[in-house]
Each structure stands twice: as structure tokens, then as C-alpha cells.
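*Asks:* Going line by line, the protein sequences match chains G and F. Per our numbering: the first sequence = residues 13 to 133. Per our numbering: the second sequence = residues 2 to 505.
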Amino acid sequence: MSVVAITPDYEKHIQYRDEQALYHGALLVYVHWEEHLSFVSAFAVSLPPDTPFGAICEIAKGIYGDHPDAAQIDWMKVEWMIDSEQATPDFGKSIAENGVGHKSLIRFWTPGLHGYQGTPN
Amino acid sequence: MTAKKLSLKQRYEFLTRDLDWEPSYQPVDSIFPYDQFEGIKIKDWSGWEDPFRLTMDSYWKFQAEKERKLYAVIDAFAQNNGQTGISDGRYINVLKLFLTAISPAEYQAHRAFAFTGRHLRGAGTRVACQMQSIDELRHIQTQIHTISHYNKFFDGMSEFPIQHDRVFYLSVPKSFFDDARSAGPFEFMIAIGFAFEYLLTNLLFVPFMSGAAYNGDMSTVTFGFSAQSDESRHMTLGIEVIKFLLEQHPDNLPIVQRWVDKWFWRGFRLLGVVAAMMDYMLPKKVMSWKEAWDIYFVEAGGALFKDLARYGLKMPKYANVATEACEHISHQNWGLFYQLCHVAGFHAWMPDAEHMDWLSEKYPNTFDKYYRPRFEMWAKQEKEGKRFYFNGLPQLCSCCQLPMLYTEPGDPTKTCFRNSTFKGTRYHFCSDGCKDIFDNEPEKYVQSWLPVNQIFQGNCGGATVPEVLDWYKINVGVDNCDYVGSPDETLWKSWMEQRFSEAG
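1) How far does the alpha helix (DSSP H) with P443 (chain F) in it extend, from its first residue to its last?
2) Mind checking who M6 (chain G) pairs with in its DSSP beta bridge?
3) With C-beta atoms as the reference, is S449 (chain F) less than 8 Å away from Q402 (chain F)?
4) Where does K415 (chain F) sit, in a helix, a strand or coil, going by DSSP?
5) Compute every distance between the C-beta of Q448 (chain F) and the non-hydrogen atoms of the ligand NAD, then say whether any falls below 7 Å.
6) Where are the beta strand (DSSP E) runs, 3 residues long or more, that stay fully inside the stretch 147-180 of chain F, in chain order?
7) What residues from chain F crowd round L1 (chain G), counting only those whose CB sits closer than 9 Å?
8) Apart from the five residues just before and just after S172 (chain F), which ones in its own chain have a Cβ nearer than 8 Å to its Cβ?
9) Mind checking if T426 (chain F) is an interface residue toward chain G, Cβ cutoff 8 Å exclusive?
10) Please state the DSSP three-state secondary structure of V57 (chain G).
11) Check whether the stretch 110-127 of chain G and the stretch 42-62 of chain G are in contact - that is, three or more C-beta pairs closer than 8 Å.
12) Is the Cβ-Cβ distance between Y371 (chain F) and P413 (chain F) less than 8 Å?
13) Does the distance from the CB of T221 (chain F) to the CB of T147 (chain F) come in under 8 Å?
14) Start and end of the alpha helix (DSSP H) containing T202 (chain F)?
15) Measuring only the C-alpha atoms, how far is S331 (chain F) from A129 (chain F)?
16) Pick out whichever of F:K363, F:D483, F:L305 has its Cα sitting closest to the Cα of H343 (chain F).
17) With a threshold of 16 other CB atoms inside 10 Å of the CB of Y92 (chain F), please say whether the residue is buried or exposed.
18) Can you pull the chain G residues whose beta carbon is under 8 Å from the beta carbon of K445 (chain F), in chain order?
19) Starting from the Cα of H348 (chain F), find the closest Cα among F:G336, F:P467, F:F197 and give me that residue.
20) Counting pairs of beta carbons, one from the stretch 229-241 of chain F and one from the stretch 190-199 of chain F, are three or more of them closer than 8 Å?
21) Can you tell me which of the three DSSP states D483 (chain F) falls into?
22) Enumerate, from N- to C-terminal direction, the unbroken alpha helix (DSSP H) stretches of 4 or more residues contained entirely within the stretch 277-326 of chain F.
23) Closer than 8 Å by C-beta to P80 (chain G): which residues in its own chain qualify, once you throw out the five before and the five after it? Chain order, please.
24) If you follow the alpha helix (DSSP H) that T221 (chain F) is part of, which residue opens it and which one closes it?
25) Who are L40 (chain G)'s beta bridge partners in DSSP?
26) Give me the Cα-Cα distance between Q340 (chain F) and L117 (chain G), rounded to the nearest whole angstrom.
27) Please say whether C400 (chain F) and F376 (chain F) have beta carbons closer to each other than 8 Å?
28) If contacts are defined as beta-carbon pairs under 8 Å, then I75 (chain F) and H140 (chain F) qualify, I think. What distance do you get, rounded to the angstrom?
29) Given that P395 (chain F) touches chain G, what residues does it touch there, using C-beta distances under 8 Å?
30) How is G428 (chain F) classed by DSSP in three states: helix, strand or coil?
31) Assign P64 (chain G) to one of three DSSP states: helix, strand, or coil.
32) Which chain G residues are close to S449 (chain F), counting only those with a beta carbon under 9 Å from its beta carbon?
33) Would you list, in chain order, the members of the stretch 340-361 of chain F that have their beta-carbon closer than 9 Å to a beta-carbon of chain G?
34) F189 (chain F): which of F:E248, F:V168, F:A115, F:M158 sits nearest, CA to CA?
35) Assess, as a yes-or-no matter, whether the stretch 82-90 of chain G is touched by the stretch 407-421 of chain F under the definition of 3 or more beta carbon pairs within less than 8 Å.
36) Which residues of the stretch 33-60 of chain F have a Cβ closer than 8 Å to any Cβ of chain G? Give them in chain order.
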């Protein structure tokens, strides 16, 4: 153990506060629209592992709908990255089948849409 | 026959170190069980120097005198309706942030210095920690008393103790102090005594207190002055502790360096809130955050580390990253406040044209290029009646607990993402600084109570935003959302109209 602790049995008392088991069967997933940094950060959402990947697009539409670029997103052309790996998700299959795990980070780029007036906002 | 008066030096000896004694029926190590496990080696506790040589009896005398002056000013401020003389109603949000984020931290510091004073075996150190502990308790008391006057008129201040434990952005200062307090006493002294009270304190107190002075808030200025002589004592304690540890044993250097690296970065992240406050929340501005950083960290901090180089101590690891980020963080953090103030206990607002020009002038490299378009887009949406609020819950950094909003060093067009996996679970970080801290002690940070994650786990009053806000004790439609249209604004406008009609 790397913590320098006064109690020799420190590890026995650790309370893990972010394990998947604490999320009532769901996965905590993060989704981030690249080049649109006016949105404060990736959004967090908890989803059952059998949620179809396409649902992520629907949720993203709700979160990002106010942005002038949002209506022009062609979801078929979006470029995806799941946990630092480029990905071509199958929208009909579940997020788990597409390789999304607990606290996965899904980043996406929208070709031709590079933010408000071409600035990454 | 009258007793001969003691010299200052004698008084100091008798009333501090002479109060200590050699225990006879308990071994010293069992009386002070906490001051060895961190690996810090102390050869000679009497090497501790206390340049203030303040004794407890004169401490009480000085503090009582300051209290009398402070409360006289606060009374006069209240009797003269000083709240109507501030620069603008928006300014009050600075006090809301201070009371909810900083004042509870004073209390945490009080508790922690009491503990540290008890558990370090050197008598000089113990007395210094004891005084600082009492100072910190006095600070939170005077802050509550000062701000309670504003609480009679403005919203968002009444539930600050509970909010500190629950509200998402307040977990940033809370977790900072929880981290320091759950470390050993030496790390605590480097974290709070040195990194916070010495290295970074001017960046906290100067902006708030000068900001208060510039904006007509004389009661806050007075508590600032009342705390100032304490702060200089705290700074002295902070610098003494680092010199003492480095002089005692060469093995202490790598441990101390790691703590300095860690607490510099944690402090920098925490002070990002002050950066947004300085650049965006003060109706009358003091200086920009970048200017303050250059004076108080780059120049003063640089000189300090030059001085400490003789012990082998280096500049904090991410000092340059922080300095570069100072061109960005106030704008990024105000963007955070602007779009999440519907779930916060204070108001944010759109900077006006004059304000944006000031930002362009102060941030010629970054504001127009990256941040002006952001605010212009939102201003346009406001004009169309679609004031923008972020419609989701943000991803949080597993170390500093801020939303993951910061950009890559050297590339402000990309969000900075870092992660580590520990025992099969992924953890995300906003920066290399935060990732390093986690990687050094993952067992500690896997226990973090991350507010957004806790909402999903079902521990924050319910699954919907109204339920969570209710649990946060945020009075929806009153405490939160934009300043424009808030009851605070209505009140302020009515005072101003009254002033004009009386003058006319």
C-alpha cells in the first residue's frame, strides 16, 4: 500500500466510494463533445449496461440542444473514441457490447462542426 | 518589595517552553504517537525558532483589543445601513462564496491546528499551533458576525454550514481540508501552514479584502484587517516549519518536496475560484488574476524558492503549468459558474461590454481568441430569451473534485483528460497534477465523496434536480440562477431608486 498510515490495518477500513456495485446495476458513463468547450465538461449519466448505444445520441441531443451547432449534427458521421481508443460503435447494440464499461469516457467529434464561429466553444 | 519585571525573552521562556515538562511515568513516544509515522526525522526539537515570541497572556490582550475595534465598526456599519453603500448588488455574491467556501475552511483549520498542536512534541511548535488554532476559530466567528448583517437583506447565506457538506462545488474546499486533516501532522503543516498560509495566502486574502475595500464593503475590510496580524504570524509559522524540517535531516527533503508539489497543485486548483471572483465578480476591479499571480506567485514565490534552494528544495513540480493556466482559469471557471448557477447558492451573470474590454486588455493572448466568443454566444442566447444553463451533471475530477473543465497545457482547444485504474475501477483527473496526487496514494482518494457520483448512487435526497436542490437547502428561484431577475436585484434596484428620489 502506498498510503503512509499510522494504522497498520488501514487497507481493511478503506471505503471504496465509486465502485460499479454502488450504482444499482448501472454503469456511470461520461460523454464529451469535442471542440465545444462552452459546455463546462463531459456530462455524467448512469445507464444500465444493456442500453443501446444509440440512446447516447438521444441523451446528448437533450444536453447539447441549445448550441447553434447541435441541430446540424449528422450522427452517422460522428467520430467516436471510447476510453482513448478510436471506435465505430454499433448504435443498435448495447453500450456494454460496444466496449463501454463503468466510468468509461466517450468522446465524439462532429466533422464540419468546430464550435461557435469556428472557435472551440 | 516589588518583583523585578521579566525581560521579553524571559517571559517567552517561562510562558511557553518552560510550560513543557519531561514525563516520568509515560514514554514520550506514547504521549506523541503521531509525529513519527510519516517518516520525518527530527533530531532536535529545541531548534524550532519562533520569531514572534508571543506569549499566551499577551496574545489574549492583543486579540481582545482587535475584537473591540472590529465589533465597533460592524455596529456602526449596521446602524448606518452600510449595505446600501456597496458598489452593486452583484458584489454580495462574493460574500456568499466566501461564507460558504472559505469560512468553513477556517473552522477546519481551527480543528486541525488544535490537533497538530497537541501531537507535535516540540513545545515552541505546540504553542504556535495553539495560537493559530484559536485565531482560526476567531476568524470564522468574525466572518459569520460580519456577514450576518448582509444575510438580513440578501439571499443564499443562511444555510452555509450544511451546504458546505453537501453542495457540489463546495466539496472542492471541503475535500481540500479533509485531505490535509486526514494526513499526518507534518504533512498538514506543509499543506496548510506552508503551501496555503505562506505560499498562496496573498492570493486569497488580497483579492477578497482589496475587493471589499474597492467595492464599499467596509465591514469585510475590517475583519480582513483584524485577521491580518494573525495572518502574518501564520506565514511565519509556515516558513519556519519548512526550514525546520529541511534543517533537521536530509532524509526529510524528498518527503517535503512531494508534499510541496502536491499542496501547491491542490491550492492552485482551489484558488481558481478566487480567480473567477477577481476577474468577473467584483463590480469595481482591483487587478486581474493574472497580475495577482505574477506578483504573488511568480515574483514572490520565485524569490522564496530561490531562498529555499540551499536546502535542495525545488519549485513545485507544476508551477509552470499553473502559470500558463493563469491565462485561462478565471474565464473557464466563470463559464462554469455562469452555466451551473441554477444549481448553486449564488448568482452569476453575463459580463457587460465594458467588462469584456477590460478582460481583453488584461488577457491579450487569450480572452478575445477563446473566451469572448463563448460569452457573445451566450449573450445572444440571453437576448433571444434562452439564457443558457448546462442541462446535465458534470464529470468531476477524482482529486480536486472540480468539474473536468480545464484544458491541455499549451492547447486551450482541448479538454485535458487523464485517468488511472486502481483495483479494476477507472478514475478520472483534470490534470497531471491531480493524477500524480491520486497515483501516489490511491487508497486515500478512492474514498472521495464525489458529489455528482453520490447523486447517481442515490445519496443526495433523490434522483431529480429539484430533490437534490432541496437537499442542498437551496431556495429555488431565490438563491440560484442569474442575478438578472433575482430577488437580490429587485431589492438593490429599489434601494437605488430610493436613493435617487431622496436626492432629487
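Idealized CB from N, CA, C, for every residue including glycine. From a predicted model like this one, the values you see are computed outputs, not experimental measurements.
*Replies:* In brief:
1) 443-446
2) In the structure as shown, chain G starts at 13 and stops at 133, and residue 6 (chain G) therefore has no counterpart that could be examined.
3) yes
4) strand
5) Absent from the structure shown: the ligand NAD. Ligands present: none.
6) none
7) In the structure as shown, chain G begins at 13 and stops at 133. Residue 1 (chain G) is therefore absent and cannot be evaluated.
8) Q402, W450, L451, P452
9) yes
10) strand
11) yes
12) yes
13) yes
14) From DSSP, the alpha helix (DSSP H) with T202 (chain F) extends over 202-215.
15) A direct Cα-Cα distance of roughly 35 Å separates S331 (chain F) from A129 (chain F).
16) F:D483
17) buried
18) Simply V15.
19) F:G336
20) Yes: the two stretches touch, three or more of their Cβ pairs being nearer than 8 Å.
21) Residue state, collapsed to three classes: strand.
22) 290-294, 301-309, 320-326
23) Y128
24) 219-249
25) According to DSSP, L40 (chain G) bridges with G:S58.
26) Take the alpha-carbon of Q340 (chain F) and the one of L117 (chain G): they are about 22 Å apart.
27) no
28) That belief does not hold up - the Cβ atoms of I75 (chain F) and H140 (chain F) are roughly 14 Å apart, past 8 Å.
29) V52, S53, A54, F55, A56
30) Correcting the residue type first, residue 428 (chain F) is Tyr in the shown sequence and not Gly. Three-state result, Y428 (chain F): strand.
31) strand
32) R29, D30
33) Flagged, chain order: Q340, L341.
34) F189 (chain F) has its Cα closest to that of F:A115, out of F:E248, F:V168, F:A115, F:M158.
35) no
36) P34, Y35, F38, E39, G40
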